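Q: Submitted below is the structure of interest, expressed as structure tokens.
Residue numbers (our numbering): 49 to 545.
Structure follows, in structure tokens:
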């Protein structure tokens with residue numbers, strides 16, 4: 049990879065990786081070993097402005113390219129992702145944020161299909177024609193790009209979530225500026241090689257802390273913002289965009305419920321929840337963070353889940369482990385505080401609930417199953433984002449759905465059942481942007497991803513994800529140049545006598 053050095057301070061533009069002369073930099077720490085893996089620059093504002101100027105020039109060129117040619121270029125991006133060895137990017141991702149290496153490879157494997165999907169969708173202008181209001185007129189709507197889009201990414205799925213919005217924005221004709229999380233900037237910078245076949249300045253990766261993201265959001269040189277992250281930061285971005293009347297796409301996380309029916313198979317339900325609660329150490333916005341289990345199956349399910357969780361291997365993501373470290377100390381401390389608090393409030397630890405003895409170094413936390421959890425506990429009323437499965441006993445499906453809906457979030461929700469009527473009831477009544485029946489957390493590039501309530505604004509993926517990055521224009525075309533009778537001046541006969 050040309051000129052890429054994880055121990056350098058870099059910014060990506062199409063010419064390659066450019067060293068940044070910045071007085072501020074951030075060390076990237078391996079959460080497994082606590083050793084330094086690299087360093088990123090906090091890109092200064094004068095360079096950001098210059099890069100945004102380049103992006104705007106590139107966008108004009110890009111939007112003028114015929115859509116067939118634009119689609120071909122996006123297909124080249126997809127092929128580059130597919131055909132390039134994933135080892136360097138995925139190993140960097142594991143080293144900098146702790147993701148188990150097989151999951152890093154799996155994440156990267158899902159990015160190319162998103163670019164393929166939007167490459168084809170780019171060919172569909174998507175407008176419509178209205179019935180004529182006046183003889184001889186032609187009225188229609190069309191879509192135009194916004195200009196320069198800003199993409200502020202989280203650390204947990206930096207490559208996949210980049211694909212969610214960047215592919216759609218490019219397909220719509222925008223230029224793209226990517227601001228990765230400080231925790232996963234090295235892998236994002238390495239991934240940028242796949243955009244080198246696009247026009248210079250069209251895709252730029254700008255690293256730094258929150259102040260860099262704030263500058264990009266508030267800059268008059270950017271036109272639309274896509275953000276995935278915490279609710280607190282989402283609110284700040286929403287307010288900043290509102291002050292400028294700048295559109296924004298926001299995914300602000302969730303505390304997704306999963307309902308286990310008494311008509312479910314206990315072993316299958318335990319396997320499903322084991323994955324939904326502990327995948328990526330629970331550091332997923334759609335992780336199962338509130339588990340409502342109908343009384344008749346509760347004890348059997350809890351026993352099966354605790355048995356499965358206790359067998360999960362904890363360790364460095366480059367080794368043989370399903371449970372890697374938390375991304376940083378603050379994340380692990382939050383999980384430990386919530387578990388300790390829940391136990392003090394009456395919850396019971398079925399397994400886990402502690403730092404593991406081995407590995408002795410790193411921000412690890414054992415996969416934890418809690419029973420006797422109630423909905424008034426703090427662990428059930430915020431985004432947990434850790435390897436903990438809090439189980440709440442309920443009398444029936446009706447109570448489960450009511451408690452599932454009693455949340456300020458509404459991203460996703462799941463139900464495990466063999467009863468079609470129960471499944472349909474959950475689909476109709478759960479207050480979330482997505483519902484999964486017997487298959488939690490899956491997505492599809494052709495279907496919309498997003499939530500309700502405080503989980504966010506707008507949708508990623510699908511046609512909806514493309515429309516976010518296009519602005520609509522209504523057009524009336526009249527070829528006749530014939531004055532209409534309602535134009536000035538009025539005929540005297542129309543005035544009040």
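Every residue, glycine too, gets a C-beta built ideally from N, C-alpha and C. A quick note: this is a predicted structure, and the numbers were derived from the prediction, not measured.
1) With the cut-off set at 8 angstroms, would you say residue 275 and residue 287 are in Cβ contact?
2) Indicate the three-state DSSP secondary structure (helix, strand or coil) for residue 199 in the structure shown.
3) Suppose the cutoff is 6 angstroms on Cβ atoms and the five residues either side in sequence are ignored; what does the same chain contact list for residue 516 look like?
4) DSSP three-state call for residue 213: helix, strand or coil?
5) Does the distance from the C-beta atom of residue 146 to that of residue 373 stay below 8 angstroms?
6) Is DSSP giving residue 86 helix, strand or coil here?
7) Just the C-alpha distance for residue 427 and residue 191, rounded to the nearest angstrom, thanks.
8) Residue 286 lies in the beta strand (DSSP E); which residues open and close that run?
9) Who are the near neighbours of residue 97 in its chain, counting only those whose CB is closer than 8 angstroms to its CB and skipping five residues on each side?
10) Using the C-alpha atoms, what's the distance from residue 300 back to residue 497?
11) Per DSSP, what kind of secondary structure is residue 274 in: helix, strand or coil?
12) If you follow the alpha helix (DSSP H) that residue 116 is in, where does it begin and where does it stop?
13) In angstroms with no decimal places, state the Cα-to-Cα distance between residue 361 and residue 368.
14) Run through DSSP, which three-state label would residue 253 get?
15) Threshold first: 4 residues or longer. Then list the alpha helix (DSSP H) segments lying entirely within the region 127-199, N to C.
16) Going by the beta-carbon positions, is the gap between residue 119 and residue 162 smaller than 8 angstroms?
17) Specify the secondary structure class of residue 525 as computed by DSSP and reduced to three states.
18) Roughly how many angstroms separate the alpha carbons of residue 441 and residue 317, rounded to a whole number?
19) Kindly list the residues whose CB is nearer than 6 angstroms to the CB of residue 167, restricted to its own chain and excluding five residues on each side of it in sequence; keep chain order.
20) If we ignore side chains and look at the alpha-carbon of each, how far apart do residue 174 and residue 218 end up?
21) Spatial neighbours of residue 528 within its chain, please: C-beta separation below 8 angstroms, excluding the five flanking residues on both sides.
22) If we count the other Cβ atoms within 10 Å of its Cβ and call it buried at 16 or more, is residue 544 buried or exposed?
23) Indicate the three-state DSSP secondary structure (helix, strand or coil) for residue 448 in the structure shown.
24) Quick one: give me the first and last residue of the alpha helix (DSSP H) that residue 388 is part of.
25) Pull up the distance between the alpha-carbon of residue 157 and that of residue 407, whole angstroms please.
26) The beta strand (DSSP E) that contains residue 76, what's its start and end?
27) Start and end of the alpha helix (DSSP H) containing residue 349?
28) Alpha carbon to alpha carbon, how far is residue 50 from residue 102?
29) Among 134, 231, 201 and 309, which residue has its Cα nearest to the Cα of residue 348?
30) Where residue 454 and residue 460 are concerned, what is the direct C-alpha to C-alpha distance, given to the nearest angstrom?
31) Could you check if residue 521 is buried or exposed, using at least 16 other CB atoms within 10 Å of its CB as the buried criterion?
32) Counting only runs that start and end within the region 307-337, where is the alpha helix (DSSP H) found for 4 or more residues in a row?
33) Can you tell me whether residue 487 is buried or exposed? The criterion is at least 16 other CB atoms within 10 Å of its CB, across all chains shown.
34) To the nearest angstrom, report how far apart residue 205 and residue 224 are at their CA atoms.
35) Does the region 382-392 come close enough to the region 422-436 that 3 or more CB-CB pairs lie under 8 angstroms?
36) Just reading off the beta strand (DSSP E) that residue 441 is part of, what are its end residues?
A: Result, derived from the coordinates:
1) Going by C-beta atoms, residue 275 is not nearer than 8 angstroms to residue 287.
2) strand
3) Only residues of its own chain outside the window of five on either side were considered, and among them 297 and 506 have a CB closer than 6 angstroms to the CB of residue 516, listed in chain order.
4) helix
5) yes
6) Residue 86 falls in the strand class under three-state DSSP.
7) 44 angstroms
8) Per DSSP, residue 286 belongs to no beta strand (DSSP E); it is in the alpha helix (DSSP H), 279-292.
9) 267 and 269
10) 12 angstroms
11) Strand, per DSSP.
12) 115-131
13) 7 angstroms
14) DSSP places residue 253 in strand when its eight states are reduced to three.
15) 135-145, 149-157 and 160-169
16) no
17) strand
18) Distance from the CA atom of residue 441 to the CA atom of residue 317, rounded to whole angstroms, is 15 angstroms.
19) 119, 122 and 123
20) 16 angstroms
21) Counting only Cβ-Cβ distances below 8 angstroms, and skipping sequence neighbours, we find 184.
22) exposed
23) helix
24) 377-392
25) 29 angstroms
26) 73-77
27) 343-358
28) Because the pLDDT at residue 50 is just 40, under 50, the model does not fix this residue reliably, and the value given afterwards should be weighed accordingly. About 21 angstroms.
29) Nearest Cα to residue 348 within the set 134, 231, 201 and 309: 309.
30) 13 angstroms
31) exposed
32) 314-326
33) exposed
34) 18 angstroms
35) yes
36) If you look at residue 441, you'll find it in the beta strand (DSSP E) that goes 436-442.
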